[in-house]
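Q: Could you have a look at this structure, given as structure tokens, before my questions?
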Amino acid sequence: MKKIILMGRSECGKTTLTQALKGREITYHKTQYINNFDVIIDTPGEYLQTHTLGHALALYTYEAQVVGLLLSATEPYSLYPPNITCMCNRDVIGIVTKVNDPKATPERSAKWLRLAGCKQIFYVDSKTGQGIAEILEYLRDPGDIMPWELAPPASQHKMLVHCTDA
Ligand SMILES: Nc1nc2c(ncn2[C@@H]2O[C@H](COP(=O)(O)OP(=O)(O)OP(=O)(O)O)[C@@H](O)[C@H]2O)c(=O)[nH]1
Ligand SMILES: [Mg+2]
Numbered sequence: 147m148k149k150i151i152l153m154g155r156s157e158c159g160k161t162t163l164t165q166a167l168k169g170r171e172i173t174y175h176k177t178q179y180i181n182n183f184d185v186i187i188d189t190p191g192e193y194l195q196t197h198t199l200g201h202a203l204a205l206y207t208y209e210a211q212v213v214g215l216l217l218s219a220t221e222p223y224s225l226y227p228p229n230i231t232c233m234c235n236r237d238v239i240g241i242v243t244k245v246n247d248p249k250a251t252p253e254r255s256a257k258w259l260r261l262a263g264c265k266q267i268f269y270v271d272s273k274t275g276q277g278i279a280e281i282l283e284y285l286r287d288p289g290d291i292m293p294w295e296l297a298p299p300a301s302q303h304k305m306l307v308h309c310t311d312a
């Protein structure tokens with residue numbers, strides 16, 4: 147898998163997306179510092195919202211192969227300046243979160259991410275899992291085996307055998 151660093155304003159859904167990408171149960175966890183997991187780097191929103199800490203984010207892009215700029219579909223504004231993606235020499239993708247919120251305007255958020263310089267946009271709802279497979283597929287390296295390609299667990303085998311017997 148390619149290593150991705152997730153950036154975006156506080157509450158836009160970086161930690162929730164991290165949990166969804168890892169197939170974990172979703173629980174609320176406020177990010178206080180940069181969490182460098184195996185293939186996902188989760189950052190606190192305050193780093194993007196604070197001018198001096200923004201430089202730290204630019205430096206952290208060197209730790210990853212892909213940068214994910216997140217913007218919630220419920221955001222009434224964007225903090226990303228036009229063409230901010232030229233600040234790093236990694237592929238930058240845009241990720242619109244919370245696409246199923248009743249107040250969501252996913253296309254407006256996608257436009258802001260394109261303005262920031264993102265060439266490819268993903269639309270996700272980390273709570274339902276919508277759009278997660280597409281991001282995992284994007285991050286996939288040749289030879290990687292995805293969870294949905296694994297053989298069913300032994301318990302399911304048993305169920306199948308049981309059904310056949312019946
Ligand atoms: N419905 C829905 N809710 C989401 C989604 N992503 C995040 N949330 C909710 O939004 C809130 C904030 O999510 P977090 O993942 O903690 O946000 P964050 O970007 O990590 O925030 P900081 O750690 O403060 O930078 C939580 O209550 C999540 O459950 C999504 O895709 N869909
Ligand atoms: Mg967080």
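The sequence shown begins at 147 in this note's numbering and counts up by one. Idealized CB from N, CA, C, for every residue including glycine.
(1) Please tell me whether G154 and K160 are closer than 9 Å, where the distance is taken between their beta carbons.
(2) Please report the residue range of the beta strand (DSSP E) in which Q266 lies.
(3) If you compare alpha carbons, which of V212, C158 and L203 is closest to T287?
(4) For S156, does the count of other Cβ atoms within 10 angstroms reach 16, so buried, or fall short, so exposed?
(5) In whole angstroms, give me the CA-to-CA distance for L205 and K257.
(6) Report the three-state DSSP secondary structure of G200 (helix, strand or coil).
(7) Roughly how many angstroms separate the alpha carbons of H175 and K244, rounded to a whole number?
(8) Please work out which residues of its chain come closer than 8 Å, Cβ to Cβ, to A312, disregarding the five sequence neighbours upstream and downstream, and give them in chain order.
(9) Can you tell me whether T164 is helix, strand or coil according to DSSP?
(10) For L152, which beta-bridge partners are listed by DSSP?
(11) Between the Cα of T274 and the Cα atoms of L259, G263, N246 and L261, which residue gives the shortest distance?
(12) Relative to the C-alpha of L215, which candidate in I186, G169 and I151 has its C-alpha closest?
(13) Out of I186, H197, L225 and Q266, point me to the one whose CA is closest to T207's CA.
(14) From T196 to L296, what distance separates their C-alpha atoms?
A: To lay it out plainly:
(1) Judged by their CB atoms, G154 and K160 are nearer to each other than the 9 Å cut-off.
(2) Q266 -> beta strand (DSSP E) spans Q266 to Y269.
(3) Here residue 287 is Asp; the residue named in the question, Thr, does not match the sequence. When only C-alpha atoms are compared, the closest one is V212.
(4) S156 comes out exposed.
(5) Taken atom to atom, the span from the alpha-carbon of L205 to that of K257 is near 26 Å.
(6) Three-state result, G200: helix.
(7) Straight across, the Cα-Cα distance linking H175 with K244 is about 17 Å.
(8) Any reading at A312 must be qualified, since the residue scores a pLDDT of 40, below 50, and its modelled position is unreliable; the value itself is stated next. Cβ within range, chain order: n/a, list empty.
(9) In the three-state DSSP reduction, T164 falls in the helix class (H, G or I).
(10) Beta-bridge partners assigned by DSSP to L152: D188 and G214.
(11) With distances taken between Cα atoms, T274 lies closest to N246.
(12) If we check each option's Cα against that of L215, I151 comes out closest.
(13) Per the Cα distances, I186.
(14) Roughly 43 Å separates the two Cα atoms.
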